[in-house]
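First the structure, in the form of structure tokens, and then the observations on it.
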Amino acid sequence: MATHLFGDTAVLTGRSLRHITRSPDTIITTALMPIAMMLLFVYVFGGAIDTGSASYVNYLLPGILLITIASGVAYTAFRLFTDLQSGIFERFQSLPIARSGVLWGHVLTSLVANLISLVIVVGVALLMGFRTGAGVAAWLAVAGILVLFTLAVTWLAVVAGLSAKSVDGASAFSYPLIFLPFLSSAFVPTETMPGPVRAFAENQPVTSIVNTIRALFAEQPVGSDIWIALAWCVGLLLAAYAFAVALYRRKIS
Amino acid sequence: MAMTTQSVIQVQGLEKSYKELKVLRGVDFDVRRGTIFALLGSNGAGKTTVVRILSTLLRADAGTATVNGFDVATQPDKVRESFSLTGQFAAVDEILSGRENLVLVAKLRHLDEPGKIADELLARFSLTEAGGRRVATYSGGMRRRLDIAMSLIGNPPVIFLDEPTTGLDPQARIEVWNSVKELAEHGTTVLLTTQYLDEAEKLADRIAILHQGHIIVNGTLAELKQLLPPAKVEYVEKQPTLEDVFLTLVGTDK
Ligand SMILES: Nc1ncnc2c1ncn2[C@@H]1O[C@H](COP(=O)(O)OP(=O)(O)OP(=O)(O)O)[C@@H](O)[C@H]1O
Ligand SMILES: [Mg+2]
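Heads up: the sequence lines are chains R and V, in that order.
Everything in the first sequence is counted per this note's numbering, starting at 26 for the first residue and increasing by one.
Everything in the second sequence is counted per this note's numbering, starting at 390 for the first residue and increasing by one.
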């Protein structure tokens, strides 16, 4: 069966990408909420926030990118849940295919959809005055971290999609993910937060990821943040992947 | 041994419980190559459970089942290459068009010329015109026809049809019946479940009734009719229909 894994995954990815092109609103909606937040924070609250950096949109963008991904993967859980409900999932299971291809199709689709949303959000940020002198290597590093983060939360979305009992349940897992950047260095420097909140903010994954991306865009040294960020992403990815695969095995055997 | 090599589906001592609910309590039957076998049973008798076990979607608690000579528990990959399933509820992709659904399955079955296969099936199931439309716009009957068409892709030697004609209008039912008969004539082995006794009467070479976890009868239509006492035949002054046989055997416990 393994011989078919790539072919079957390609076919199944093509199928769910087609779902996205048929309802492009999912990508727009994914991009819209973070864009609205960006407008709100830059033009309404931004004036009152002192980040110590010259441009608030430069400061804000990394966190907004993570929020974009967190809201985008909710659709992955939704699409997987819909497949389970509609019976098409069982049809796939009854075909002589590489069975993990069913999950990989959704995961790769998530990656593509989120990258498109991210490009849209970065485009809007540029219009709002976001500027960076980052070179190709720094951009690639940013893209790499965002891809890793997307994969990690996508596998979380797979867990949610496989275990949900209702459509709302399938996407509810993304709410805490969307909220997490608010308790991080994404919007305001953590130094301004009261003790316990600050301790949480400085030790949760979003802060290290945001700081790394911010440093890469500002052409500053990333320090140890990048290693903490990578450790979080890879750790989360492996844990979510293992959990999702175990859940899937139980579901289909 | 000649008999057993002819059996394409063999089920022995199959048991399955959902928590404390014992659905199958030792189910046995054989289906010979190229025949149509109908599994009858009331709602909740366990017909779908049997079909799901045979199609490797569910594990039995006890007993064995083979499809095309392969054990469903130990050789599920081989089994999946041998059958195709039309489940009780249409399993189609609503967002894709009818044609795209067929192409998708043909590709997943690793066949050449998926487009050509799709067009042939669309024509065969009177869906050519609707083929380019999203399935979400299809009527229940069209959806069911597409669902069955998807199951015929790749000509697997065994076909499972779980209540294939539920919700179809009389004409569509006859179309499906004709397709099923045609399949059997070409050597495909068909296991179908149904609530419609006339469907079993018209189509099946053998009929089995699943009741309270067991197969309580298994035979040809003629054999089943002999199970009724002749007095009943005289009283109604006509041949008992399968419905009479069914209701007598299943009794009044419902
Ligand atoms: N996943 C499940 N969990 C718990 N109980 C189940 C599950 N699937 C089926 N059952 C129960 O097992 C029994 C048999 O179900 P099954 O679907 O096999 O019956 P059926 O003969 O196909 O019925 P129908 O004619 O209504 O389709 C029913 O009582 C049903 O409620
Ligand atoms: Mg059923």
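Note that the Cβ used here is the ideal one computed from N, Cα and C, for glycine as well.
Check, Outcome
"Determine the closest residue to residue 490/V out of 559/V, 507/V, 529/V, 500/V, with distance taken between C-alpha atoms.", "507/V"
"Check each residue of the stretch 40–58 of chain R: if its Cβ is closer than 7 Å to any Cβ of chain V, include it; give the result in chain order.", "40, 43, 44, 47"
"Is there a Cβ from chain V that is less than 8 Å from the Cβ of residue 133/R?", "no"
"Jot down the residue ranges of each uninterrupted beta strand (DSSP E) in the stretch 391–470 of chain V, minimum 3 residues, whole runs only, in chain order.", "396–407, 410–421, 425–429, 451–456"
"Please list the residues of the stretch 182–205 of chain R that have a C-beta atom closer than 9 Å to any C-beta atom in chain V, keeping them in chain order.", "none"
"From the DSSP output, which residues share a beta bridge with residue 549/V?", "474/V, 580/V"
"Give the range of the alpha helix (DSSP H) segment to which residue 130/R is assigned.", "126–152"
"Indicate whether residue 226/R and residue 232/R have their beta-carbon atoms separated by less than 8 Å.", "yes"
"From the beta carbon of residue 278/R, is the nearest beta carbon of chain V less than 8 Å away?", "yes"
"Hey, which residues come within less than 7 Å of ligand 2, measuring from Cβ to any heavy atom, in chain order?", "436/V, 437/V, 477/V, 551/V, 552/V, 582/V"
"When DSSP labels each residue in this structure, what does residue 608/V get in the three-state scheme?", "strand"
"Less than 8 Å between CB atoms is the rule here; does residue 512/V satisfy it with respect to chain R?", "no"
"Go ahead and label residue 621/V buried or exposed: buried means 16 or more other beta carbons lie within 10 angstroms of its beta carbon, across all protein chains shown.", "Residue confidence is low: residue 621/V scores 48 on pLDDT, short of 50, so the model does not pin down where it sits. No coordinate-derived value is stated."
"What are the boundary residues of the beta strand (DSSP E) that includes residue 29/R?", "Premise fails: residue 29/R is in no beta strand (DSSP E) and is neither H nor E."
"Using a cut-off of 8 Å between C-beta atoms, extract the partners of residue 248/R located in chain V.", "Within 8 Å Cβ-Cβ: nothing; residue 248/R doesn't reach chain V, min ~46 Å."
"Can you give the Cα-Cα distance for residue 494/V and residue 476/V, rounded to whole angstroms?", "15 Å"
"Taking a cut of 8 Å between CB atoms, which residues from the stretch 481–492 of chain V lie near chain C?", "Chain labels in this structure do not include chain C; the protein chains are R and V."
"If residue 184/R sits next to residue 103/R, beta carbons under 8 Å apart, how far is it from one beta carbon to the other, in whole angstroms?", "Rounded, the Cβ-Cβ distance is 14 Å, inconsistent with contact."
"By how many angstroms is the C-alpha of residue 601/V removed from the C-alpha of residue 527/V?", "37 Å"
"Alpha carbon to alpha carbon, how far is residue 553/V from residue 583/V?", "7 Å"
"Using only alpha-carbon positions, find the residue among 607/V, 502/V, 563/V that is nearest to residue 591/V.", "563/V"
"Smallest Cα separation from residue 509/V: which of 543/V, 547/V, 640/V?", "543/V"
"Shortest alpha-carbon distance to residue 189/R belongs to which of 59/R, 105/R, 70/R?", "105/R"
"Within 8 Å of any Cβ in chain V, is that where the Cβ of residue 125/R sits?", "no"
"On a CA-only basis, which of 260/R, 138/R, 271/R, 171/R is nearest residue 280/R? Give me that one, please.", "Residue 280/R lies beyond the stretch modelled for chain R, which goes from 26 to 278, so this question has no answer here."
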